[in-house]
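Residue 115 in numbering that gives the first Met the number 0 sits at position 116 of the sequence shown, with consecutive numbering throughout.
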Amino acid sequence: MPATIIETNPTPFNKVAIDPVTLDIIENALRNARIEMDATLVRTAMSPGIREQGDAFPLIADHTGKMIVGQFGSFIGGFLDNFDGTLEDGDMIFLSDPYSCAGAVSHSNDWLVLLPVFKDGRLIAYTSMFGHQSDIGGKVVGSMPINAHSIFEEGVRIPPVKIWKKGEYNDDLMKLVMHQTRKPDWCQADLNALIASCRVAARRVIEMAARFGDDVYVSATQELLARNHRAMKSLIAMAIGEEPVAFEDYICDDGMGAGPYKIKCTMWREGEKVVLDFAGTDPQSQASINFYLNENMFKMFFGIYMIMVFDPQILFNDGFYDLIDVRIPEGSLLKPKFPAALSGRTHALGRIFDILGGLLGQKTPEFLNAAGFSSSPHLFYSGHDKKGDWFQLFQIGFGGVPGRPMGDGPDGHSLWPGFTNVPNEFLERYFPLLIERYETEPDSGGAGLHRGGNGIHMTYRFLSPGTISIHDDRWFVPPWGVNGGEPGKRARKILEKADGTSQIIGNKVEEVQVEEGDQLHFITWGGGGWGDPLERDPALVAKEIVQGLVTAEGAKAYGVVASEHGVVDSSATEALRAQLRSERGTLPLFNYGPGIEVLRANCEAETGLKAPVQPVWPMLEAAE
Numbered sequence: 000m001p002a003t004i005i006e007t008n009p010t011p012f013n014k015v016a017i018d019p020v021t022l023d024i025i026e027n028a029l030r031n032a033r034i035e036m037d038a039t040l041v042r043t044a045m046s047p048g049i050r051e052q053g054d055a056f057p058l059i060a061d062h063t064g065k066m067i068v069g070q071f072g073s074f075i076g077g078f079l080d081n082f083d084g085t086l087e088d089g090d091m092i093f094l095s096d097p098y099s100c101a102g103a104v105s106h107s108n109d110w111l112v113l114l115p116v117f118k119d120g121r122l123i124a125y126t127s128m129f130g131h132q133s134d135i136g137g138k139v140v141g142s143m144p145i146n147a148h149s150i151f152e153e154g155v156r157i158p159p160v161k162i163w164k165k166g167e168y169n170d171d172l173m174k175l176v177m178h179q180t181r182k183p184d185w186c187q188a189d190l191n192a193l194i195a196s197c198r199v200a201a202r203r204v205i206e207m208a209a210r211f212g213d214d215v216y217v218s219a220t221q222e223l224l225a226r227n228h229r230a231m232k233s234l235i236a237m238a239i240g241e242e243p244v245a246f247e248d249y250i251c252d253d254g255m256g257a258g259p260y261k262i263k264c265t266m267w268r269e270g271e272k273v274v275l276d277f278a279g280t281d282p283q284s285q286a287s288i289n290f291y292l293n294e295n296m297f298k299m300f301f302g303i304y305m306i307m308v309f310d311p312q313i314l315f316n317d318g319f320y321d322l323i324d325v326r327i328p329e330g331s332l333l334k335p336k337f338p339a340a341l342s343g344r345t346h347a348l349g350r351i352f353d354i355l356g357g358l359l360g361q362k363t364p365e366f367l368n369a370a371g372f373s374s375s376p377h378l379f380y381s382g383h384d385k386k387g388d389w390f391q392l393f394q395i396g397f398g399g400v401p402g403r404p405m406g407d408g409p410d411g412h413s414l415w416p417g418f419t420n421v422p423n424e425f426l427e428r429y430f431p432l433l434i435e436r437y438e439t440e441p442d443s444g445g446a447g448l449h450r451g452g453n454g455i456h457m458t459y460r461f462l463s464p465g466t467i468s469i470h471d472d473r474w475f476v477p478p479w480g481v482n483g484g485e486p487g488k489r490a491r492k493i494l495e496k497a498d499g500t501s502q503i504i505g506n507k508v509e510e511v512q513v514e515e516g517d518q519l520h521f522i523t524w525g526g527g528g529w530g531d532p533l534e535r536d537p538a539l540v541a542k543e544i545v546q547g548l549v550t551a552e553g554a555k556a557y558g559v560v561a562s563e564h565g566v567v568d569s570s571a572t573e574a575l576r577a578q579l580r581s582e583r584g585t586l587p588l589f590n591y592g593p594g595i596e597v598l599r600a601n602c603e604a605e606t607g608l609k610a611p612v613q614p615v616w617p618m619l620e621a622a623e
């Protein structure tokens, strides 16, 4: 049964006309309230993932549950349809189980709180925030086991429960939940930060309604949704055709030897609606790389991508959702059946953005992005320091953002625009390690008129024995280039032992032993290039040689001959570019790199790792 909303004043809201100035004031006040949610969070959380990196996502919704401001899209409608309980003033919902909320959170590490906002006895809004917890129990430190075969191995699962009920805090529930985690201090502080953020936003909503009147406030939220609907309707008609287009990309492996795993999406327009069909996506994995993709979340991904490419001034909200039909096959990698493991879903989550770029640019190649969002690299390091105290680190790394129509991809940047890096000073202060190197990896970004962003080369020196785990992707299937751009280079990880020996380790490994003095070279992928690299200004290439972003050898991919000091040989450059133009064929719209056999050979030669075994290769075989 759907949720029952208990209002002491069930008088309906009246729709009123909103003048542009009032609408603008309320819109910006809501934007600011969302920013204040983030500020509250980072000032009160404790874990580096939330406090330093901002791995949390706020939402302010209208009284029906549609997101007005936020980042991930609203799950509230689906939650209300499936929550067999009541919601009334003084309640707050707490949950983390993806299967109990249709993937609104996509792995159990994400703890979500939902606050229904009542004013004068009427439900006027919802505020919500979820954030990644560094540890929720389970079989490994960090609670994200690569080799998990079911969600029961991944730590505590919290169904929708009331953490606050009619203003009373459920202390026994919290004692039970915190008893499951290896870091109850972090988890309790982070949960309190999520709660505080929702309460701050609720106060701001009530203040706005008190200032302008309840009917004006609610009518303004409906107009913001309607305005977004009108804008997205126009963008869909302009950018998406009735003829189906398809695109597919691959997660390299599952960390257990199988892969690559295909994600395929076909897109077309029916009237004013766009259909996005994931038929052809591989079946769910036996490991933890499954991604339970909530349809509304994907609608928001699609909308954000459309808006950022075609009209960045549009406010993100849920107003356009009825214009999008998302179809995801049951039992696939993107809609696995319970109790499939979900903790490693970050690779498929990132790859969705690359697929959107490949889909949306086929009709309008001038707006096409290369690949490079791709994943969200994780490092875990845990053990006991020299004092005997327990430590554990969960850190998200960054790869290269793809080359774009408007310019180069940023070097070493998160796929999530609000994320920041953990400062090296913070790492060295709170964990037994030193950061020996933190810089971009030269030449890792794909060559192009607009260069793909370089990946990061980060070297950790461990000062205490412990274990490390690594979750990364794009080590086998490189990020593709577009409009003649070259693919980016692949990720790799090297463990240099204190005795001087070194070994290449996988990009999905669990509980690797490290000793004092060992160094880990954590190198991420580069973004694909955009456009013909032979059209890039040689002076810009020379400048990047001086900056350490491109090497003198790497400059030859742009047809530029220059010294290691960035001095260009103009005549040699002209001759090399003429030679390269004569040797190459027609520039491809998508450049996936070499075919499968070359890719396998290169993979083992470059990384020392065995290529995964699943032979599903239509995209790459086309490049033979």
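Each residue gets a CB set at the ideal place from its N, CA and C atoms; glycine is no exception.
- In the DSSP secondary-structure assignment, E167 is bridged to K164.
- Under the 10 Å beta carbon count, A209 is surrounded by fewer than 16 other beta carbons and is classified as exposed.
- Closest in C-alpha terms to G279, from the list V273, M266, M173 and K272, comes M266.
- Excluding residues up to 5 positions away in sequence, C264, I354, G357 and L358 lie with their Cβ nearer than 7 Å to the Cβ of F246 in the same chain.
- Counting of Cβ neighbours within 10 angstroms places Y260 among the buried residues, the total reaching 16 or more.
- By the neighbour-count criterion, in which 16 or more other beta carbons inside 10 Å mark a residue as buried, S149 falls on the exposed side.
- Straight-line measurement puts the Cα of L114 at about 14 Å from the Cα of G84.
- With respect to A201, G318 sits apart: the two C-beta atoms are not nearer than 8 Å.
- Scanning R489, S413, E573 and V139 for the CA closest to the CA of L533 turns up E573.
- Across the structure, G499 and F461 are spaced so that their CA atoms are roughly 14 Å apart.
- A604 is classed as exposed because its beta carbon has fewer than 16 other beta carbons within 10 Å across all chains shown.
- For the pair A124 and I59, the CB atoms are nearer than the 8 Å cut-off.
- Annotated three-state conformation of K261 is strand, per DSSP.
- Annotated as distal: I544 and H520, with beta-carbon spacing of 8 Å or more.
- Taking a C-beta distance under 8 Å as the contact criterion, E515 and S463 qualify as a contact pair.
- The C-beta distance from E153 to A28 rounds to 39 Å, too long to meet the 8 Å contact threshold.
- Only exposed fits G166, as fewer than 16 other CB atoms lie within 10 angstroms of its CB.
- Note on K488: 16 or more other CB atoms within 10 angstroms of its CB, so buried under the neighbour-count rule.
- Only residues of its own chain outside the window of five on either side were considered, and among them P47, E51, Q52 and Q394 have a CB closer than 7 Å to the CB of V421, listed in chain order.
- The beta carbon of I239 is closer than 8 Å to those of M266, W267, R268, V273, L359 and K362 in its chain, skipping five residues each way along the sequence.
- Taking C-beta atoms under 8 Å as the contact rule, F430 and F379 fail to qualify, at a distance of about 11 Å.
- Cβ neighbours of F589 within its own chain (closer than 8 Å, five residues either side excluded): G357, W479, G480 and V481.
- Under the DSSP assignment, K272 falls in the beta strand (DSSP E) whose first and last residues are K272 to D276.
- Collapsing the DSSP output to three states places L79 in a helix.
- For D248, the closest C-alpha among the options F151, L332 and N227 is that of L332.
- Taking C-beta atoms as the reference points, R181 and D134 count as a pair closer than 8 Å.
- With respect to the 8 Å criterion, D90 and F418 are not classified as neighbours on the basis of their beta carbons.
- Contact annotation: the stretch 395-402 does not touch the stretch 182-191, with fewer than three C-beta pairs closer than 8 Å.
- A distance below 7 Å between beta-carbons, with the five flanking residues on each side excluded, links E365 to the following residues of its chain, in chain order: P404.
- If you check the CB distance, I327 and E294 come in under 8 Å.
- Comparing alpha-carbon positions, the option among P486, R121 and C602 lying closest to G444 turns out to be P486.
- In the three-state DSSP reduction, N590 falls in the strand class (E or B).
- Between G447 and the set A369, H412, Q283 and S375, the nearest pair of CA atoms involves A369.
- For K542, the enclosing alpha helix (DSSP H) covers residues P537 to Q546.
- Annotated three-state conformation of T500 is coil, per DSSP.
- Straight-line spacing of the CA atoms in Q512 and M143 works out to 17 Å.
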